[in-house]
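Trainee: Got a structure for you, written out below as structure tokens; questions coming shortly.
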Amino acid sequence: DLGADVFAFGLLTTFQGELFDGTRRLLELADERVEVQVEARCWCGERATHNARLHNGVQVYDGRLFVVDDPDDQSVTYELRCRRHWMTGDGGPGSADRPEVRVQEVDIGHPVA
139 DLGADVFAFG LLTTFQGELF DGTRRLLELA DERVEVQVEA RCWCGERATH NARLHNGVQV
199 YDGRLFVVDD PDDQSVTYEL RCRRHWMTGD GGPGSADRPE VRVQEVDIGH PVA
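Residue 139 is where the sequence shown starts when you use my numbering, and the numbers rise one by one after that.
What follows is the structure, encoded as structure tokens:
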């Protein structure tokens with residue numbers, strides 16, 4: 139025990155439903171975990187615990203892990219979902235009308251122009 143308090147905030151899992159490597163290690167080392175709920179909600183009103191990646195409006199579970207915003211590319215977007223709707227890929231009624239984040243896939247480790 140080093141007597142150090144560590145506070146972290148961010149996503150626990152990828153769009154694939156797997157822990158990020160850094161998150162996994164933090165959880166392995168933590169003596170205690172206290173989760174703070176932010177007002178992130180799925181379209182159904184339940185607590186959003188997953189981020190869904192959509193490609194042309196269809197949820198996908200594979201692909202490159204990291205992407206960067208590109209205003210000219212609208213094929214890849216993200217939505218917050220509860221576990222049930224992430225598992226089923228259900229975007230809910232009117233899902234095409236909700237604003238989403240536009241992104242472009244990039245090769246991590248290389249500068250973005």
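All residues carry an ideal CB built from backbone N, CA and C; glycine is no exception.
1) Going by C-alpha distance, which of Arg221, Ala146, Asp228 is nearest Ala186?
2) Can you name the start and end residues of the alpha helix (DSSP H) that Thr161 belongs to?
3) Since Phe153 contacts Ala190 with CB under 8 Å, what's their CB separation in whole angstroms?
4) What would DSSP say about Asp245, mapped onto helix, strand or coil?
5) How many angstroms separate the CA atom of Pro231 from the CA atom of His223?
6) I believe His188 touches Thr151 by the beta-carbon criterion, under 8 Å. Please report the beta-carbon distance rounded to the nearest angstrom.
7) Near Trp181, what residues of its chain come up, given a Cβ to Cβ distance below 6 Å and the 5 sequence neighbours on each side ignored?
8) Three-state secondary structure (DSSP) at Arg222?
9) If we count the other Cβ atoms within 10 Å of its Cβ and call it buried at 16 or more, is Gln197 buried or exposed?
10) Quick check on DSSP: helix, strand or coil for Arg185?
11) Taking a contact to mean a Cβ-Cβ separation below 8 Å, would you say Ala146 touches Leu167 in this structure?
Mentor: For this structure:
1) With distances taken between Cα atoms, Ala186 lies closest to Arg221.
2) Thr161 -> alpha helix (DSSP H) spans 159-167.
3) The distance from the Cβ of Phe153 to that of Ala190 is about 6 Å, consistent with a contact at the 8 Å cut-off.
4) The predicted position of Asp245 is uncertain, since its pLDDT is 45 and thus under 50; a value taken from the coordinates is nonetheless stated next. Of the three classes helix, strand and coil, the one that applies to Asp245 here is coil, per DSSP.
5) Taking the Cα positions, Pro231 is about 12 Å away from His223.
6) Correct: roughly 6 Å between the Cβ atoms.
7) Same-chain partners within the cutoff: Gly230.
8) DSSP places Arg222 within a helical segment (H, G or I) once states are collapsed to three.
9) Classification of Gln197: buried, given that the 10 Å Cβ count is 16 or more.
10) Per DSSP, reduced to three states, the secondary structure at Arg185 is strand.
11) Taking C-beta atoms as the reference points, Ala146 and Leu167 fail to come closer than 8 Å.
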